[in-house]
Amino acid sequence: MRHKILIFSFIFLSLFGCAQKNEAWEKSDKKIIPHPRLLWTESRSKQIKTGIQTDSTWAAVHQLILDECKKLSDKPQPVYELEGIRLLSVARESRKRIFYFSYAYRTTGDSFYLNEAEKVLNTICDFPDWNPGHFLDVAELTWAAAIGYDWLYDGLADATKNKLAQAIISKGLEPSFERKYNFWLNEATNWNQVCNASMAMGALAVYDLEPKLASEIISRSLESIKLAMHTYEPDGASLEGYNYWSYGTTFNVYLIDAMKQAFGENFGLMNHPGFLKSATYISNIIGPTELNFNYSDSRTLCMFSPTMFWFAEQQKDYSLLVSEYKLLRRKSDLPWQHDLPAMMLWGKGIPEDGIPEPKKMSWIAGGENPVAMIRGSWKPEGYFVGLKAGSGKNSHAHLDAGSFVLDAFGERWVEDPGTQSYGPLEAAGLKIWSNQQESDRWKVFRFNNFSHSTLTINNQLQRAEGFAPIIRSIENENRVAALTDLSEIYSDQVENITRGMMIEENSFVQIQDEVTAGTKDAEIRWNIPTLAAIQKIDNREIVLSKGGKKMYLRILAPADAEFAVEPAIGKQKYDEGNPGMNLIYFRHHLKATEQSTIRVLFFGENLNAKPVELKLKDW
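Residue 658 in my numbering is what sits at position 519 of the sequence shown, and the numbering runs on without skipping anything.
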């Protein structure tokens, strides 16, 4: 069998070649350690087993993984069934099972887990293919097969091991050279990270069998993944939002860590500009509600991220884990985490007690998708605002420049509507992966500015090609603020427009917009979505109620603006509903060339500070 594989691989590589090569890899001696070599090593094994015996948190997570293994073993084997164009749910479920079972076997030596892993491995090997038309499916199955092959190497039956090696090569690695499948090599997205990391993991697993093929793929992955890593520059913000940060960055770390463990070096990837800084981005994007600032195609729910432990250990900055330990305590959520065993690899020796709070109350990022997170306190009741700038032209973007979320008193008061399932939209015939101005993507209610906490002018869409930078930030004893210039986003609608967000003395939030109309009149709609109960006090003041708490909302300027409320419902059949969500809005008319200031105040029942009546330039 191995002879046939070698011949086929030689022919395959000759036909399709591999243009991308990493200089550092090409110059390395390429001496690889024996199995296990993928993330798991004998030294790590000892540390993990010691941690389980001496640390109650690690012991609890270990037991949770074993308990989940028992539940997974009772489920039927995965079945090759496409959902539209995707096999992704099957691939992810298979990856989770193999990762959990393999971890359980490595830590306990119990053959039960070996046998369960072997069943899943044989099942995915028997699939006709790993669905290369949607290459994420191939990637996740290759990653899973590589972990199973490597971690269980000494325990697997020879027939299974041979079958698995052949599947990794023929169903995983070789399709990655076909141009109709490997577009991700030249894209700066999470696809690039997931696919490159998974191909490299597969290559590392079968390195002894296919050194030439494996070397080609590793060299290519190390070089190609730099495209995606550039998007973290300069400050670490994710181009694609919270959820896709978690997905892409986790696989990125898998690649770095796998290379480090197998070869003793990371080939320069770990020090890529902005990459390590991205952990600070994640620690700041989670509000005191334990919900994230879910701009772009993200959802509000935060999931525990083992990857953050890797970042914390690399930087010796354990304040990065303040939110992660809170999420870790939500043990009912942990079994949903496909990568939970990675915590046992990366979190060793980090004490839960005494994790310091971050010192800064603001985090500002430039780059291709600027964002700002400001807060009055790191306490659960503190004010928190996430401000989105950037552009609609980026991967997974929405037309949401100028939008924000707001937390206070342990509740979220201003929402981002979040993403919508892609499958039904694709089934409706919408081309949602184009970010051009006339794209079907912007017909989806949740993806456009009409549903977001931003401004809509003359009932038009924001300019997808426009760009909004964060132009200024303030952090002192009393005030934390961030400002964005939205002029380019609305360049065909008004002359210029600037939006500022301020938290004053952890007492209130002030939203201020300064607008100059162009040569035509401008009808401005100020808008926020909320899940809170709404009660109008008068036309210019509203009280929101949620979780037994109250938040007041008052128009300070302009003098003629009046609040109105309507359900947050899209107009098209394909728009998903937003149960319980309403839009609070008001309209403001500007005559041609007229200048105006819009001020809105958010505050609790005890307002301890006066609103700020200053121009944005004087904040």
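Quick reminder that beta carbons are idealized off the backbone N, C-alpha and C, glycines included.
If you count every other CB in all the chains shown that lies within 10 Å of the CB of residue i, and 16 or more means buried, which is it?
{"i": "residue 515", "result": "buried"}
{"i": "residue 153", "result": "Because residue 153 carries a pLDDT of 37, less than 50, the predicted location of this residue cannot be relied on, and the following value inherits that uncertainty. Per the 10 Å Cβ criterion, exposed."}
{"i": "residue 632", "result": "buried"}
{"i": "residue 489", "result": "buried"}
{"i": "residue 384", "result": "buried"}
{"i": "residue 746", "result": "exposed"}
{"i": "residue 436", "result": "buried"}
{"i": "residue 605", "result": "buried"}
{"i": "residue 559", "result": "buried"}
{"i": "residue 742", "result": "buried"}
{"i": "residue 156", "result": "Unreliable placement is indicated for residue 156, whose pLDDT of 41 sits below 50; the coordinate value is still reported in the next sentence. Looking at its Cβ environment, which holds fewer than 16 other Cβ atoms inside 10 Å, residue 156 is exposed."}
{"i": "residue 623", "result": "buried"}
Pull up the DSSP beta-bridge partners for residue i, would you.
{"i": "residue 727", "result": "663"}
{"i": "residue 450", "result": "Paired residues: none, contrary to the question."}
{"i": "residue 674", "result": "682"}
{"i": "residue 703", "result": "724"}
{"i": "residue 612", "result": "621"}
{"i": "residue 440", "result": "430"}
{"i": "residue 635", "result": "655"}
{"i": "residue 641", "result": "620 and 649"}
{"i": "residue 668", "result": "722"}
{"i": "residue 736", "result": "653"}
So, under 8 Å CB-CB, residue i and residue j are touching, yes? Tell me the CB distance rounded to an integer number of Å.
{"i": "residue 729", "j": "residue 663", "result": "7 Å"}
{"i": "residue 278", "j": "residue 333", "result": "5 Å"}
{"i": "residue 609", "j": "residue 621", "result": "6 Å"}
{"i": "residue 135", "j": "residue 251", "result": "In the structure as shown, the chain begins at 140 and stops at 758. Residue 135 is therefore absent and cannot be evaluated."}
{"i": "residue 339", "j": "residue 360", "result": "4 Å"}
{"i": "residue 525", "j": "residue 432", "result": "3 Å"}
{"i": "residue 374", "j": "residue 416", "result": "6 Å"}
{"i": "residue 234", "j": "residue 477", "result": "6 Å"}
{"i": "residue 587", "j": "residue 538", "result": "5 Å"}
{"i": "residue 159", "j": "residue 363", "result": "5 Å"}
{"i": "residue 565", "j": "residue 548", "result": "At roughly 40 Å, the Cβ-Cβ gap does not stay under 8 Å, so residue 565 and residue 548 are not in contact."}
Hey, would you say residue i sits closer than 8 Å to residue j, going by beta carbons?
{"i": "residue 177", "j": "residue 397", "result": "yes"}
{"i": "residue 482", "j": "residue 445", "result": "yes"}
{"i": "residue 123", "j": "residue 307", "result": "Absent from the structure is residue 123, since the part of the chain shown begins at 140 and ends at 758."}
{"i": "residue 602", "j": "residue 578", "result": "no"}
{"i": "residue 656", "j": "residue 627", "result": "no"}
{"i": "residue 672", "j": "residue 683", "result": "yes"}
{"i": "residue 751", "j": "residue 667", "result": "no"}
{"i": "residue 529", "j": "residue 508", "result": "yes"}
{"i": "residue 726", "j": "residue 557", "result": "no"}
{"i": "residue 247", "j": "residue 187", "result": "no"}
{"i": "residue 421", "j": "residue 447", "result": "yes"}
{"i": "residue 653", "j": "residue 474", "result": "no"}
{"i": "residue 678", "j": "residue 701", "result": "yes"}
{"i": "residue 440", "j": "residue 450", "result": "no"}
{"i": "residue 592", "j": "residue 503", "result": "no"}
{"i": "residue 298", "j": "residue 331", "result": "no"}
{"i": "residue 429", "j": "residue 535", "result": "no"}
{"i": "residue 343", "j": "residue 418", "result": "no"}
{"i": "residue 269", "j": "residue 311", "result": "yes"}
{"i": "residue 427", "j": "residue 300", "result": "no"}
{"i": "residue 229", "j": "residue 217", "result": "yes"}
The beta strand (DSSP E) spanning residue i covers which residue range?
{"i": "residue 545", "result": "543-547"}
{"i": "residue 621", "result": "618-624"}
{"i": "residue 266", "result": "From DSSP, residue 266 is part of no beta strand (DSSP E); its letter is neither H nor E."}
{"i": "residue 483", "result": "No beta strand (DSSP E) holds residue 483; the alpha helix (DSSP H) holding it covers 480-485."}
{"i": "residue 653", "result": "647-655"}
{"i": "residue 398", "result": "No beta strand (DSSP E) holds residue 398; the alpha helix (DSSP H) holding it covers 381-402."}
{"i": "residue 748", "result": "No beta strand (DSSP E) contains residue 748, which DSSP labels as neither H nor E."}
{"i": "residue 525", "result": "523-527"}
{"i": "residue 462", "result": "Careful: residue 462 lies outside any beta strand (DSSP E), inside the alpha helix (DSSP H) at 461-467."}
{"i": "residue 219", "result": "Unbroken run through residue 219: none, as it is neither H nor E."}
{"i": "residue 691", "result": "688-696"}
{"i": "residue 595", "result": "594-596"}
{"i": "residue 511", "result": "510-514"}
{"i": "residue 550", "result": "550-553"}
Could you spell out where the alpha helix (DSSP H) holding residue i opens and where it closes?
{"i": "residue 197", "result": "195-212"}
{"i": "residue 359", "result": "350-368"}
{"i": "residue 286", "result": "274-290"}
{"i": "residue 330", "result": "329-344"}
{"i": "residue 164", "result": "162-166"}
{"i": "residue 246", "result": "227-247"}
{"i": "residue 501", "result": "That residue, residue 501, is in no alpha helix (DSSP H); its beta strand (DSSP E) goes 501-504."}
{"i": "residue 423", "result": "417-424"}
{"i": "residue 507", "result": "From DSSP, residue 507 is part of no alpha helix (DSSP H); its letter is neither H nor E."}
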